[in-house]
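Take a look at the structure set out below.
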Amino acid sequence: MSSLDVRELEAFLALAEELHFGRAGERLYLSQSRVSQLLQALEQRVGARLIERTSRRVRLTPLGADFLVRLRPAYTALHTAVDGARAAARGVAGSLRLGFQGATNEQLMTAIELFGRRHPDCAIELTEIPLADPVGPVHRHEVDAAVVLLPMREPELVLGQIFSKQPVTVAVASVHPFASRATVTAEDLADTALIGVRTPAPHYWREVQAPATTPGGHPVPSGPEVSTLEEGLALVAANRGSMLLCNPTAEYHGRRSVTFVPVVGLPDSSLGLIWHRTAETARVRAFSQAVAEIGSAARLSPEPRIIGIDRVQQ
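Quick note: the sequence shown uses UniProt numbering, first residue 1, plus one each step.
Here you go:
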């Protein structure tokens with residue numbers, strides 16, 4: 001249907017509701033004569049009068065009343081389809097399913113707020129991702145994107161923004177020999193059993209969370225494996241092993257039965273925004289941009305307090 005046809009229909013609908021050429025013209029920002037021309041063109045297409053007009057009143061003919069009943073839902077559906085197509089073309093509308101591990105940190109929440117201000121028609125749905133399954137929800141398309149502990153070496157996934165680099169600590173029971181020390185070195189990890197993470201987490205990812213050897217090649221004893229952070233901290237408190245965590249996570253999960261000791265000689269931890277290569281959308285790109293901007297601002301300001309788990313190596 002041409003644009004002229006749409007204007008004819010708009011003129012008819014306005015007249016049917018206003019029953020006055022002047023008010024219909026004002027509503028459409030058209031002159032009375034232009035409204036009359038559009039109506040006459042539509043009636044010529046139909047082949048009959050749709051509106052009776054005299055010097056005293058304007059009213060629908062029986063055919064016009066029937067046409068109005070048929071036209072109104074179709075016209076509404078047309079506008080709905082056009083609005084939907086525009087939203088799809090813009091891409092940043094609807095919802096964005098965002099996964100996260102452990103807890104949301106300050107930088108992530110600031111990015112979510114920025115995204116929300118820019119794209120009020122797109123709601124973010126937050127979903128917690130298990131510690132032991134960092135990439136599975138993205139592979140299974142259960143979320144559109146996720147903020148996870150690095151590293152990430154999945155060929156089917158895209159690693160977008162990397163942020164929240166943090167020093168590493170080792171969580172030990174308060175009775176552990178490390179608990180009385182100001183720091184430990186990466187080589188000292190050979191003297192404690194590290195709690196690992198269960199599958200389905202990838203092997204390369206689990207190896208970073210609980211390395212089998214120190215940087216110098218000394219073997220590190222293996223402790224029990226867990227699926228969640230709380231399971232790990234419970235085992236630490238029971239002196240069943242030690243666990244590597246980022247410094248802000250240590251602050252957030254502080255408890256009397258667990259001591260967090262800085263580790264010298266390990267790379268800082270990081271978080272990364274990931275998504276599936278076949279599911280990249282304008283929403284995902286827009287959120288990645290928000291994370292990038294917040295990350296840039298964070299690097300230019302004092303380090304914010306992070307609430308999350310960030311023990312990783314790139």
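Every residue, glycine too, gets a C-beta built ideally from N, C-alpha and C.
Taking DSSP's pairing of strands, which residues face residue i in a bridge?
| i | result |
| --- | --- |
| Ala-184 | One point to set straight first is that residue 184 is Val, not Ala, in the sequence displayed. Answer is Val-263, bridged to Val-184. |
| residue 315 | Since the first residue shown for the chain is 1 and the last is 314, residue 315 is missing from the structure and cannot be characterised. |
| Gly-272 | Val-148, Ile-162 |
| Glu-43 | In the DSSP output, where bridge partners are listed per residue, Glu-43 has none listed. |
| Thr-169 | Leu-245, Pro-262 |
| Gly-64 | Partner(s): none; Gly-64 has no beta bridge. |
| Thr-157 | Per the sequence shown, the amino acid found at residue 157 is Leu instead of Thr. His-276. |
| Val-197 | Val-226 |
| residue 368 | Residue coverage of the chain in this structure runs from 1 to 314, which leaves residue 368 outside it and unanswerable. |
Cβ of residue i within 7 Å of any heavy atom in the ligand SAH?
| i | result |
| --- | --- |
| Thr-169 | Absence of the ligand SAH is noted for the structure shown, with no ligands found whatsoever. |
Run the CB neighbour count on residue i, radius 10 Å, all protein chains shown included, and call it buried at 16 or more, exposed below.
| i | result |
| --- | --- |
| Arg-283 | buried |
| Ser-180 | exposed |
| Asp-144 | buried |
| Gly-196 | buried |
| Glu-225 | buried |
| Pro-172 | It should be noted that the sequence gives Val, not Pro, for residue 172. So Val-172 counts as buried. |
| Arg-134 | The residue asked about is misnamed: residue 134 is Pro in this sequence, not Arg. Buried: at least 16 other Cβ atoms inside 10 Å. |
| Pro-177 | exposed |
| Gln-107 | buried |
| Ala-11 | buried |
| Ser-296 | exposed |
| Gly-217 | exposed |
| Val-264 | exposed |
| Thr-127 | exposed |
| Thr-259 | buried |
| Thr-249 | buried |
| Leu-276 | According to the sequence displayed, residue 276 carries His and not Leu. It counts as buried. |
| Asp-66 | exposed |
| Ala-238 | exposed |
Return yes when the Cβ of residue j is within less than 8 Å of the Cβ of residue i, no when it is not.
| i | j | result |
| --- | --- | --- |
| Leu-50 | Leu-63 | yes |
| Ser-257 | Ile-162 | no |
| Val-158 | Ile-129 | no |
| Ala-201 | Pro-221 | no |
| Pro-137 | Ala-146 | yes |
| Val-261 | Val-170 | yes |
| Leu-229 | Gly-102 | yes |
| Ser-95 | Glu-125 | yes |
| Met-243 | Gly-232 | yes |
| Ala-186 | Pro-215 | yes |
| Arg-198 | Gly-223 | no |
| residue 315 | Ala-182 | Beyond the ends of the chain as shown, which are 1 and 314, falls residue 315; an answer cannot be given. |
| Glu-110 | Ile-294 | Checking the sequence, you will find Thr at residue 110 rather than Glu. Against a cut-off of 8 Å, the Cβ pair of Ile-294 and Thr-110 comes out as a contact. |
| Glu-8 | Ala-41 | yes |
| Pro-151 | Trp-205 | yes |
| Phe-21 | Val-35 | yes |
| Ala-290 | Leu-98 | no |
| Arg-45 | Glu-52 | no |
| Cys-122 | Ala-93 | yes |
| Ser-227 | Ala-132 | yes |
For chain E, find out if any of its Cβ atoms is closer than 8 Å to the Cβ of residue i; answer yes or no.
| i | result |
| --- | --- |
| Pro-130 | Looking at the structure shown, chain E is missing, and only one protein chain is on hand. |
Exercise. Taking one C-beta from the segment 113-123 and one from the segment 284-294 each time, how about it: are there three or more such pairs within less than 8 Å?
Worked result: yes
Exercise. Counting Cβ pairs closer than 8 Å, one from the segment 56-76 and one from the segment 7-21, do we hit at least three?
Worked result: yes
For this session: List in chain order: all unbroken alpha helix (DSSP H) runs of 4+ residues lying wholly within the UniProt domain "HTH lysR-type" (4-61).
Result: 21-28, 32-46
For this session: Report the residue ranges of all beta strand (DSSP E) runs contained in full by the segment 206-242; include only those spanning at least 3 residues, in chain order.
Result: 222-226
Problem set entry | Unbroken stretches of the alpha helix (DSSP H), 4 residues or longer, contained in the segment 100-143 | 106-118, 136-139
Exercise. Should the segment 208-227 be called in touch with the segment 162-171, which here means at least 3 C-beta pairs below 8 Å?
Worked result: no
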